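Engineer:
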Amino acid sequence: MRLATPTDVATLGIPGQDPRGFQILEGSAGDRAIDMTNLRRQTGLVALDYGYNNTASCESAITYLNGEKGVLLYRGYPVEELAEKSRFVEVAYLLVNGHMPNEKEREDWSMQLNRHALLHEDMRHFFSHFPDGAHPMAMLSAMVVSLSTFYPELSQNQHHVGDEAIDKAAARLLSKLRTIAAFSYKKSIGEPVVYPRHDLRYVANFLNMMFSSPVRPYEIRPEVVKALNVLFIVHADHEQNCSTSAVRLVGSARVNLYAAVAAGICALWGPLHGGANQMVIEMAEEMAAQGMSPKEKIERVKNSKGAELLYGFGHRVYKTYDPRAKIVKKACDDLFRALDVHDPLLDMLRELEERALADDFFRERHLYPNVDFYSGIIYRAIGIPKEMFTVMFALGRLPGWIAHWKEALEDPRFKLQRPRQLYVGPGLRHLAPDEVVRADRAAVLDAR
Ligand code: CMC
Numbered sequence: 093m094r095l096a097t098p099t100d101v102a103t104l105g106i107p108g109q110d111p112r113g114f115q116i117l118e119g120s121a122g123d124r125a126i127d128m129t130n131l132r133r134q135t136g137l138v139a140l141d142y143g144y145n146n147t148a149s150c151e152s153a154i155t156y157l158n159g160e161k162g163v164l165l166y167r168g169y170p171v172e173e174l175a176e177k178s179r180f181v182e183v184a185y186l187l188v189n190g191h192m193p194n195e196k197e198r199e200d201w202s203m204q205l206n207r208h209a210l211l212h213e214d215m216r217h218f219f220s221h222f223p224d225g226a227h228p229m230a231m232l233s234a235m236v237v238s239l240s241t242f243y244p245e246l247s248q249n250q251h252h253v254g255d256e257a258i259d260k261a262a263a264r265l266l267s268k269l270r271t272i273a274a275f276s277y278k279k280s281i282g283e284p285v286v287y288p289r290h291d292l293r294y295v296a297n298f299l300n301m302m303f304s305s306p307v308r309p310y311e312i313r314p315e316v317v318k319a320l321n322v323l324f325i326v327h328a329d330h331e332q333n334c335s336t337s338a339v340r341l342v343g344s345a346r347v348n349l350y351a352a353v354a355a356g357i358c359a360l361w362g363p364l365h366g367g368a369n370q371m372v373i374e375m376a377e378e379m380a381a382q383g384m385s386p387k388e389k390i391e392r393v394k395n396s397k398g399a400e401l402l403y404g405f406g407h408r409v410y411k412t413y414d415p416r417a418k419i420v421k422k423a424c425d426d427l428f429r430a431l432d433v434h435d436p437l438l439d440m441l442r443e444l445e446e447r448a449l450a451d452d453f454f455r456e457r458h459l460y461p462n463v464d465f466y467s468g469i470i471y472r473a474i475g476i477p478k479e480m481f482t483v484m485f486a487l488g489r490l491p492g493w494i495a496h497w498k499e500a501l502e503d504p505r506f507k508l509q510r511p512r513q514l515y516v517g518p519g520l521r522h523l524a525p526d527e528v529v530r531a532d533r534a535a536v537l538d539a540r
């Protein structure tokens with residue numbers, strides 16, 4: 093991995109101490125960081141940074157993101173170019189391996205993804221034991237961590253696992269997550285599962301497992317395959333976002349890939365992160381049900397003092413239009429035109445966007461549509477139910493999680509991630525007599 097270049101030194105003046113120098117590092121795209129790794133050792137102080145707004149947790153060569161200019165590059169390639177000219181499996185290869193696959197690598201990769209598509213039959217039975225209405229994200233996470241019981245070879249201390257085993261686990265996970273996602277959908281609608289087919293490519297295979305049934309053939313339309321490829325590509329990585337940071341943090345304890353990714357899936361589920369795509373559609377459905385206009389919704393959000401959000405808007409890093417949202421918006425227009433469908437919720441979203449972008453509240457806070465604003469409406473047009481939207485995000489994000497887990501493991505500086513805190517609780521105190529359970533009472537309590 094290419095490392096950042098040391099440039100100047102920043103001087104920190106702490107009252108009562110001599111000024112200390114901290115190295116400024118420059119990344120390959122010109123971004124600069126102060127290396128605070130030794131802050132506590134040198135000064136006795138820690139850095140307090142709520143939400144890690146200012147903290148770079150690592151050096152990474154996977155994805156470059158410039159939130160002010162709206163730039164997103166995977167391994168140097170603009171996401172727009174990849175979305176237009178590549179397929180998801182190639183982008184997954186790029187993220188995990190660092191370069192676009194050549195002809196032979198592409199074939200080997202496809203073969204590996206095909207070979208690992210099936211689930212162990214014992215795992216298939218797990219699905220029947222989840223209660224009806226179980227959220228597919230909960231099933232997804234549980235099933236992914238269960239993979240480590242079937243493939244324990246990665247469960248040893250990760251430093252002793254060879255590249256080949258890691259690559260195999262990556263291909264296995266990419267392939268099986270798609271099968272698990274489709275099976276969990278079939279479970280939720282009470283239909284028998286449809287097994288993966290060797291003659292179908294990644295996205296087409298997924299659509300077939302989702303929508304075909306013995307009594308109902310499913311036509312795999314190229315426009316739908318194209319739209320899903322684009323959606324998976326724009327979700328494929330986003331540097332140190334919440335779920336990827338979860339994968340890295342959990343991975344730093346040297347758990348296996350499946351356990352780290354299961355943690356990422358749980359983080360992604362949250363409505364402030366990947367769960368926002370489901371929230372956007374629920375928000376629009378609720379507006380339609382209540383007869384609330386976009387104008388009224390915008391006013392409600394503004395007057396709520398942060399209690400009510402416009403889901404699909406705002407981003408921690410982007411302070412301009414999210415480049416992914418632009419791609420998704422176009423994919424949405426293309427798909428609706430190709431399928432010749434109309435959805436009144438799409439009209440509502442368009443008006444919400446237009447009104448928000450023209451409103452001072454949103455302009456002053458730099459709130460623009462993010463990747464989740466128009467993705468749900470595409471899934472809806474394809475026939476994917478809203479509970480599955482974040483599962484779709486997870487399928488797309490998986491190569492990024494794998495790439496970060498792998499990169500971290502290969503980095504000799506990858507340490508157990510263990511933040512500090514600033515303690516603000518009570519000072520030292522001792523138990524008062526009435527806070528101590530008497531021995532005779534303790535015996536009664538223990539017996540219960
Ligand atoms: N609707 C209304 N107000 C908002 C929104 C929103 N969607 N997002 C931020 N704000 C306001 C927020 O209330 C605050 O206002 P004030 O300065 O008056 O207190 C200001 O904008 C700054 O927001 P913040 O919460 O400090 O910003 P953040 O960087 O912590 O939050 C965010 C980022 C994505 C959590 C937030 O914008 C949000 O909750 N958006 C809605 C959920 C959403 O769409 N999430 C998907 C993110 S993109 C997919 C992914 O990669 O996860």
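Residues 93 to 540 in the numbering used here are what the sequence shown spells out, letter by letter. Note that CB positions come from ideal geometry on N, CA and C, so glycine has one too. Bear in mind that the values here come from a model prediction, so they are computed numbers and not experimental data.
Less than 8 Å between C-beta atoms, sequence neighbours within five positions excluded: which residues of the same chain meet that for A368?
Structural biologist: Y403, G404, N462 and D464, listed in sequence order.
Engineer: Which stretch, first to last residue, makes up the beta strand (DSSP E) that contains N158?
Structural biologist: Here the beta strand (DSSP E) through N158 covers T155 to N158.
Engineer: Check whether the Cβ atoms of L232 and A495 lie closer than 8 Å to each other.
Structural biologist: Against a cut-off of 8 Å, the Cβ pair of A495 and L232 comes out as no contact.
Engineer: Quick check on DSSP: helix, strand or coil for E118?
Structural biologist: Note: E118 maps to strand in three-state DSSP.
Engineer: Helix, strand or coil, according to DSSP, for I126 in the structure here?
Structural biologist: Note: I126 maps to strand in three-state DSSP.
Engineer: Note down, in chain order, each residue of its chain lying with its Cβ closer than 6 Å to the Cβ of Q134, except the 5 sequence neighbours on either side.
Structural biologist: If we look at Q134 and ignore the five residues flanking it on each side, its Cβ neighbours are R112.
Engineer: If the criterion is Cβ atoms closer than 8 Å, does the pair Y350 and V236 meet it?
Structural biologist: Cβ atoms of Y350 and V236: closer than 8 Å.
Engineer: Buried or exposed: where does A535 fall if 16 or more other Cβ atoms within 10 Å of its Cβ makes it buried?
Structural biologist: By the 10 Å Cβ count, A535 comes out exposed.
Engineer: Measuring CA to CA, which of E374, L131 and G122 is closest to A102?
Structural biologist: Of the listed residues, the one whose Cα sits closest to A102 is L131.
Engineer: Beta-carbon of I476 versus every beta-carbon of chain D: anything under 8 Å?
Structural biologist: Here chain D cannot be found, since the structure has a single protein chain.
Engineer: Where do the N-terminal and C-terminal ends of the alpha helix (DSSP H) with Y166 fall, by residue?
Structural biologist: That residue, Y166, is in no alpha helix (DSSP H); its beta strand (DSSP E) goes V163 to Y166.
Engineer: DSSP beta-bridge partners for Y169?
Structural biologist: Answer by DSSP bridge pairing, in chain order: Y166.
Engineer: Rank V171, Y287 and R313 by C-alpha distance to the C-alpha of A296 and give the top, closest one.
Structural biologist: It is R313 whose Cα lies nearest to the Cα of A296.
Engineer: Just to confirm, are A209 and P309 a CB contact at a threshold of 8 Å?
Structural biologist: Their beta carbons are not under 8 Å apart, which means A209 does not touch P309 by this criterion.
Engineer: So, using beta-carbon positions, are R447 and P386 closer together than 8 Å?
Structural biologist: Yes; because the gap between Cβ atoms is below 8 Å, this pair is in contact.
Engineer: Can you tell me whether DSSP reads A274 as helix, strand or coil?
Structural biologist: DSSP places A274 in helix when its eight states are reduced to three.
Engineer: Here's the rule: buried if 16 or more other CB atoms are within 10 angstroms of the residue's CB, otherwise exposed. What is K196?
Structural biologist: Per the 10 Å Cβ criterion, exposed.
Engineer: What I want to know is whether the C-beta of A368 ends up closer than 7 Å to one or more non-hydrogen atoms of the ligand CMC.
Structural biologist: Yes, the Cβ of A368 comes within 7 Å of a heavy atom of the ligand CMC.
Engineer: Are V342 and G159 close, meaning C-beta to C-beta below 8 Å?
Structural biologist: Going by C-beta atoms, V342 is not nearer than 8 Å to G159.
Engineer: Using the Cα positions of L157 and P415, report the straight-line distance between them to the nearest angstrom.
Structural biologist: Distance between the alpha carbons of L157 and P415 is about 10 Å.
Engineer: Compute every distance between the C-beta of H407 and the non-hydrogen atoms of the ligand CMC, then say whether any falls below 7 Å.
Structural biologist: The answer is yes for H407.
Engineer: Let me check understanding here. Comparing Cα to Cα, which of K260, P504 and M229 lies closest to Y243?
Structural biologist: Among K260, P504 and M229, the Cα nearest to that of Y243 is on K260.
Engineer: Based on DSSP bridge pairs, tell me the residues matched to F405.
Structural biologist: DSSP lists P461 as partners of F405.
Engineer: Going by DSSP, which residues form a beta bridge with T97?
Structural biologist: Answer is E118.
Engineer: Are the segment 480-500 and the segment 263-274 touching, with three or more C-beta to C-beta distances below 8 Å?
Structural biologist: Yes, the segment 480-500 is in contact with the segment 263-274.
Engineer: Confirm the yes/no value for this check: CB of R457, any heavy atom of the ligand CMC, distance under 7 Å.
Structural biologist: Yes.
Engineer: Mapping DSSP to helix, strand and coil, what is L265?
Structural biologist: Looking at L265 - three-state DSSP - the assignment turns out to be helix.
Engineer: Can you give the Cα-Cα distance for D329 and I357, rounded to whole angstroms?
Structural biologist: Cα to Cα, the separation comes out at about 14 Å.
Engineer: Give the range of the alpha helix (DSSP H) segment to which T135 is assigned.
Structural biologist: Run containing T135: L131 to T135, per the alpha helix (DSSP H) assignment.
Engineer: Determine whether the beta carbon atoms of F114 and D123 lie at a separation below 8 Å.
Structural biologist: No, the pair does not count as a contact, with Cβ atoms beyond the cut-off.
Engineer: Under a three-way DSSP split, which group does R308 fall into?
Structural biologist: Strand, per DSSP.
Engineer: Look at the alpha carbon of F303 and the alpha carbon of E378, and state the distance between them as a whole number of angstroms.
Structural biologist: Going from the Cα of F303 to the Cα of E378 covers about 27 Å.
Engineer: If you draw a straight line from the alpha carbon of P363 to that of Q370, how long is it in whole angstroms?
Structural biologist: Looking at the two C-alpha atoms, the distance is approximately 8 Å.
Engineer: Taking 7 Å as the cut-off, is the CB of G404 close to at least one heavy atom of the ligand CMC?
Structural biologist: For the ligand CMC, at least one heavy atom lies less than 7 Å from the Cβ of G404.
Engineer: Ends of the alpha helix (DSSP H) at D425?
Structural biologist: Per DSSP, D425 belongs to the alpha helix (DSSP H) from P415 to L431.
Engineer: Who are the Cβ neighbours of K411 in its own chain at under 6 Å, not counting the five residues just before and after it?
Structural biologist: So the qualifying residues of the chain are G159, E160 and H458.
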